[in-house]
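Novice: The structure's right below; bear with me while I get my questions together.
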Amino acid sequence: MDAHHALPDPDRPARLLPSASAGSRRRIAIAVDLSDESAHAVSWAVRNYLRPGDAVVLLHVRPTSVLYGADWGAVDLSLPAGDDYAENGLPASEESQRKMEEDFDAFTTSKAQDLAQPIVEAQIPFKIHIVKDHDMKERLCLEVERLGPSAVIMGSRGFGAARSVSKSRLGSVSDYCVHHCACPVVVVRYPDDGAGAGSGLDNGEAKKFDEEEQEYHDAAEEQKDLLCGDLWEMLWSGLVLSIY
Numbered sequence: 001m002d003a004h005h006a007l008p009d010p011d012r013p014a015r016l017l018p019s020a021s022a023g024s025r026r027r028i029a030i031a032v033d034l035s036d037e038s039a040h041a042v043s044w045a046v047r048n049y050l051r052p053g054d055a056v057v058l059l060h061v062r063p064t065s066v067l068y069g070a071d072w073g074a075v076d077l078s079l080p081a082g083d084d085y086a087e088n089g090l091p092a093s094e095e096s097q098r099k100m101e102e103d104f105d106a107f108t109t110s111k112a113q114d115l116a117q118p119i120v121e122a123q124i125p126f127k128i129h130i131v132k133d134h135d136m137k138e139r140l141c142l143e144v145e146r147l148g149p150s151a152v153i154m155g156s157r158g159f160g161a162a163r164s165v166s167k168s169r170l171g172s173v174s175d176y177c178v179h180h181c182a183c184p185v186v187v188v189r190y191p192d193d194g195a196g197a198g199s200g201l202d203n204g205e206a207k208k209f210d211e212e213e214q215e216y217h218d219a220a221e222e223q224k225d226l227l228c229g230d231l232w233e234m235l236w237s238g239l240v241l242s243i244y
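1 is the number of the first residue of the sequence shown in full-length UniProt numbering; add one for each residue after it.
In structure tokens:
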């Protein structure tokens, strides 16, 4: 039995798969802590990644206890002196603890608004999304999955990463997000992060090579040379067989 293939009906429009266009609206999440590294990541995103029509979510996971804040990047949290604080600098009562938490909430919100300034100046719509959790890495990935952004942008350091750690490696939070986030993760290196450590980057910019250092290969030319070589080998083999 002959097989019959249905021909497309010219009067019936073909079904097109959705495709992203330059004007399509993307939701981009920028994961930030309160460090200079995050500020640099926001500025980099505005200059190099965001495009007209995008909407931005500044995603910040605030520690459940303000005492964890001392390990979050370059943040100066000086505790006021007074009777509300014990000799070790910790709150002496639940009331002072609550007041300290409220102050840190206000500080976090103010700092997040400062980080968003480049987005405001670029007139890109955005919102600030702040959640509390003791596990920053897992909560970031959970919020990313819930918000469903097209991509996540974050700094390579900050998020509590010690500056003494080898600068050629990602911080623990950014490394975790790269491997566990449900969407692409763009990691932005801080200008002095990895300089001279064989990272191939210098002062926050991609390393540029001179034209004479670049080597180009034309796949079509290479394939043509390969076919010519095979053809010559076949002809030579046929000639030898005809002689003998």
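Think of the CB as a built atom: it goes at the ideal place given N, C-alpha and C, for glycine as much as any other residue.
Please name the residue, chosen from Lys99, Arg47, Cys141, that lies closest to serine 174 on a Cα-to-Cα basis.
Specialist: Nearest option by C-alpha distance: Cys141.
Novice: Measuring CA to CA, which of Ile28, Arg51, Leu50 is closest to leucine 59?
Specialist: That would be Ile28, whose Cα lies nearest to the Cα of leucine 59.
Novice: Nearest-angstrom Cα distance between isoleucine 128 and arginine 26?
Specialist: Their Cα atoms are separated by approximately 16 Å.
Novice: Cα-Cα, which of Gly155, Gly171, Tyr176, Ser172 is closest to proline 191?
Specialist: Among Gly155, Gly171, Tyr176, Ser172, the Cα nearest to that of proline 191 is on Gly155.
Novice: Indicate the three-state DSSP secondary structure (helix, strand or coil) for isoleucine 124 in the structure shown.
Specialist: Reduced to three states, the DSSP call for isoleucine 124 is coil.
Novice: Given this structure, state the Cα-to-Cα distance separating arginine 139 from valine 61, to the nearest angstrom.
Specialist: Their backbone Cα atoms lie some 7 Å apart in a straight line.
Novice: Return the chain-ordered list of same chain residues with a C-beta closer than 6 Å to the C-beta of proline 125, the five sequence neighbours on each side being excluded.
Specialist: Excluding positions up to five away in sequence, the list reads Ala55.
Novice: On the CB-based measure, 16 or more other CB atoms within 10 Å of its CB, does arginine 95 come out buried or exposed?
Specialist: As written in the sequence, residue 95 is glutamate, which differs from the arginine given in the question. Counting Cβ neighbours within 10 Å, glutamate 95 comes out exposed, since fewer than 16 surround it.
Novice: Per DSSP, what are the beta-bridge partners of glycine 155 in this structure?
Specialist: Glycine 155 is bridged to Val188.
Novice: Figure out for me which residue from Thr64, Asp105, Ala122, Glu102 has the closest Cα to the Cα of residue 247.
Specialist: In the structure as shown, the chain starts at 1 and stops at 244, and residue 247 therefore has no counterpart that could be examined.
Novice: Can you tell me the Cβ-Cβ gap for alanine 41 and isoleucine 153, rounded? I've got them flagged as a contact below 8 Å.
Specialist: Confirmed, about 6 Å.
Novice: State buried or exposed for glycine 171, treating a residue as buried only when at least 16 other CB atoms are found within 10 Å of its CB.
Specialist: Per the 10 Å Cβ criterion, buried.
Novice: Using alpha carbons as the reference points, say which of Leu50, Lys99, Met136 lies closest to histidine 180.
Specialist: Taking only the C-alpha atoms, the option nearest histidine 180 is Met136.
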